[in-house]
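Scroll down for the structure; my scribbles are underneath it.
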Amino acid sequence: MSQQINLFNPVFRKKKNYLSALTMAQGLGVILAGVLALAFYGKQRVGALERQVAQTQTVLDAREARKAKASVEFAPRVRSKTLELELSKAELDHQALQEVEQILQRGEFGNTRGYSAYFRAFARSRVEGLWLTGVSIVGAGNEIGLQGRMLQANLVPYYIAGLSREPALKGKSFGRLDIGQAAPVPAAAGAPAARVAEAPRYLEFSLQSAAAPQVMRK
64 MSQQINLFNP VFRKKKNYLS ALTMAQGLGV ILAGVLALAF YGKQRVGALE RQVAQTQTVL
124 DAREARKAKA SVEFAPRVRS KTLELELSKA ELDHQALQEV EQILQRGEFG NTRGYSAYFR
184 AFARSRVEGL WLTGVSIVGA GNEIGLQGRM LQANLVPYYI AGLSREPALK GKSFGRLDIG
244 QAAPVPAAAG APAARVAEAP RYLEFSLQSA AAPQVMRK
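Each number in our numbering comes from the position in the sequence shown (counting from 1) with 63 added on.
Next comes the structure, spelled out in C-alpha cells:
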C-alpha cells in the first residue's frame, strides 16, 4: 500500500505585498492634502480674526478721540471774577429798585404817580441773567430808554415780553434795540502782560423808544 508524503512547507510560499509603493504614495498624498487644507483654513481664520481686531481697534480709537474732544469742548469753565461782581451788583441794583418802589408807594416824595408805576414795572420784570444799568423816562413816559447787560442775547425778548405784561407799559413800544459786546475790563495793576484786558462774558444792550434821550449808566 503506497502513502503520499507532502513535502511542501507553507512557510516557503511567496507572500503578496499589499503595502505597495503606489499605495503608500496615495496615502501620503491624502495626508498631505488634509494638512494643506487645515493650514489654508487656519490661515483664513487667522486673517478674519486679525481684520476683526483691526476694526475693533478702529472703533475704540474713534471713541477715544470723541471722548478727548468732548473733554476739551465741555471742560469746566473757570468762573470769572468780573462776571461774579457784575451779578452781585445787579442783585444790589434790583434791591435798590425795589426799595425805591416801596418809597414811592409810601408817597414820601409827594406826588410821584407819574413815574412810580414805571419803576414798579421795572422792579417786577426780571429775567435771570439780565440786569439794568440805566433808566431814563422823559415827560409822561412817552420816551423811555433802558440800558443793561445780559449773559445771552436771547434774553432780551423775554424781558420785553415781561414789560409788555405790565399795566403801566401797555401800549408802549420800543423802536430801537442795540446789542453789542462789552468793552474789555482793564486788568489790575501788576497783572501779567498776557492779561492786560479781560474780555467780559456778558453783552450790553440799549432799548429805547422813539426819540429817547441818551441813557446815563450807573
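Cβ coordinates follow ideal geometry from the N, Cα and C atoms, glycine included.
Endpoints, alpha helix (DSSP H) assigned at residue i
i           : result
residue 227 : 218-227
Continuous beta strand (DSSP E) stretch holding residue i: start and end
i           : result
residue 206 : 206-213
residue 270 : 266-271
residue 201 : 193-201
residue 239 : 239-244
Residue i beta carbon near the ligand MG (any heavy atom closer than 7 Å)
i           : result
residue 223 : Ligands are entirely absent from the displayed structure, and the ligand MG is therefore not among its contents.
Cα-Cα separation between residue i and residue j, rounded to whole angstroms
i           : j           : result
residue 215 : residue 128 : 31 Å
residue 146 : residue 111 : 58 Å
residue 104 : residue 97  : 11 Å
residue 95  : residue 109 : 21 Å
residue 130 : residue 102 : 42 Å
residue 126 : residue 221 : 40 Å
residue 124 : residue 117 : 10 Å
residue 257 : residue 113 : Because residue 257 sits at a pLDDT of 48, beneath the cut-off of 50, its placement in the model cannot be relied upon, and the following sentence gives the value as read from the coordinates. Taking the straight line from one Cα to the other gives about 52 Å.
residue 119 : residue 135 : 25 Å
Within 8 Å, strictly: CB atoms of residue i and residue j
i           : j           : result
residue 237 : residue 199 : no
residue 212 : residue 246 : no
residue 195 : residue 241 : no
residue 290 : residue 265 : Because the chain in this structure spans residues 64 to 281, residue 290 falls outside the shown range and cannot be described.
residue 268 : residue 201 : no
residue 150 : residue 209 : no
residue 229 : residue 184 : yes
residue 235 : residue 207 : yes
- Can you find at least 3 beta carbon pairs, one from the stretch 221-233 and one from the stretch 184-198, that sit closer than 8 Å? yes
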